[in-house]
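Written below as structure tokens is the structure these notes are about.
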DNA sequence: ACTGGGACTGAATCACAATTCAGTTATAAG
DNA sequence: CTTATAACTGAATTGTGATTCAGTCCCAGT
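Chains as they are written, first to last, in this note's numbering: chain V, 95 to 291; chain Z, 95 to 291.
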């Protein structure tokens, strides 16, 4: 009997990232994904239950990696809270910086999943925010951070800001070079906009 | 001959905000919008060319108001750059704070429009960002702001952060009371997270 | 008090694209 | 070399929901 060719699932997933990023989940046609992956339309359904499950597969992999990265940082003993905040920001950009399509996908289609039933993706999201919150609290206890900041809101600020700049970078990488973006985010969030008093 | 009943267009638009916000643009059914507006399905097409044009109508109104508000703030002579930044943040929240559905709509469906042809919405967006940029530069010239910050990126940071907190607020107003949110955003962006040296 | 024409209705039409499946092809096992 | 079975194909099927339109309903003008 015949063997599955081995990398079709990878090729389909990779094509889906590009097509979802370009056309949006709803604008993306399965036939287009299949064509870009170099397989027949029907073959997509040998590897994925349906269109939505492709999206799930992609986000699942994405969040798993993010989660692992964050978790590792949060538990490091050798970093101050300040350094952890910087490291977490770096990890976000490490994750998406390799592929603008991946960044666009994440930035534009995440809300589809939050609307969804299962709550699986909601969980990743909540976990991430809680983890950020924990790091900020840690910094407050140690006196590194101002204690009049709401840790949950701060984490959301960083997440939202990173999301926005990732989006801009993905649309025009030259206008928003990633090294500069990282530097600016850290600098603004840690020191603020005002000239030092 | 008969007169148009007068407020059907308003009722349809208002219903559309709720339905788009709840179900997303693609998940929203015209029949549902009509039902919530208390009109027949077909009537929607007497007031709007098609589903997409409803979205356009809503965003057009939204951006026009935002644009007017920002423009006014940017040209005020009686405010320092610092105060302008705070005022712009306030205007964003004034605009959306009255209606969580409006906030969700803006936050979740904006990207549909940026993908679109005409560039009409892109223009609003770009204008807003340039305006923010201008205010930041102004503050740098006057010495109020640090001059090692990239003005364009800073504006994006604020926009992205505001978007995220608006989203969280719309999903759970109690968890993210708007007055606190405003205060935190301003405080973090102006002074940063670190305890003062 | 009639009537012409626009407002309004909602069931029927229609377009589109996700999904299926009957047929074809490749290859592992004997 | 055969054959059985699973991989693979892409045209046909199908479900869904946006849009249309044939008919009603109202009322401004006469």
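Here a beta-carbon is modelled for each residue, glycine too, at the ideal position from N, C-alpha and C.
Continuous alpha helix (DSSP H) stretch holding residue i: start and end
i                     : result
residue 118 (chain Z) : 102 to 121
residue 232 (chain V) : 214 to 235
residue 179 (chain Z) : 175 to 191
residue 204 (chain V) : 194 to 209
residue 147 (chain Z) : 145 to 169
residue 137 (chain V) : 135 to 141
DSSP-derived helix/strand/coil call for residue i
i                     : result
residue 272 (chain Z) : helix
residue 287 (chain V) : coil
residue 239 (chain V) : strand
residue 262 (chain Z) : helix
residue 248 (chain Z) : helix
residue 128 (chain Z) : helix
residue 99 (chain V)  : coil
Minimum C-alpha distance to residue i - residue among the options
i                     : options                       : result
residue 256 (chain Z) : Z:206, Z:188 and Z:110        : Z:188
residue 106 (chain V) : V:99, V:138 and V:241         : V:138
residue 180 (chain Z) : Z:204, Z:248, Z:281 and Z:142 : Z:281
residue 252 (chain V) : Z:161, Z:166, Z:278 and Z:197 : Z:278
residue 200 (chain V) : V:131, V:153 and V:121        : V:153
residue 110 (chain Z) : Z:100, Z:135 and Z:99         : Z:135
residue 193 (chain V) : V:183, V:226 and V:108        : V:108
residue 225 (chain Z) : Z:129, Z:183 and Z:120        : Z:183
residue 149 (chain Z) : Z:229, Z:227 and Z:114        : Z:114
residue 185 (chain V) : V:284, V:273 and V:289        : V:273
residue 118 (chain V) : Z:209, Z:247 and Z:218        : Z:209
residue 235 (chain Z) : Z:164, Z:175 and Z:268        : Z:175
residue 173 (chain Z) : Z:229, Z:241 and Z:267        : Z:229
residue 102 (chain Z) : Z:120, Z:127 and Z:122        : Z:127
residue 239 (chain Z) : Z:283, Z:213 and Z:222        : Z:283
residue 197 (chain V) : V:157, V:212 and V:231        : V:157
Assigned exposure category for residue i - 16 Cβ within 10 Å defines buried
i                     : result
residue 191 (chain V) : buried
residue 249 (chain Z) : buried
residue 97 (chain V)  : exposed
residue 178 (chain V) : buried
residue 264 (chain V) : buried
residue 203 (chain V) : buried
residue 261 (chain V) : buried
residue 220 (chain V) : exposed
residue 112 (chain V) : buried
residue 217 (chain V) : exposed
residue 131 (chain V) : buried
residue 254 (chain Z) : buried
residue 286 (chain V) : buried
residue 258 (chain Z) : buried
residue 233 (chain V) : buried
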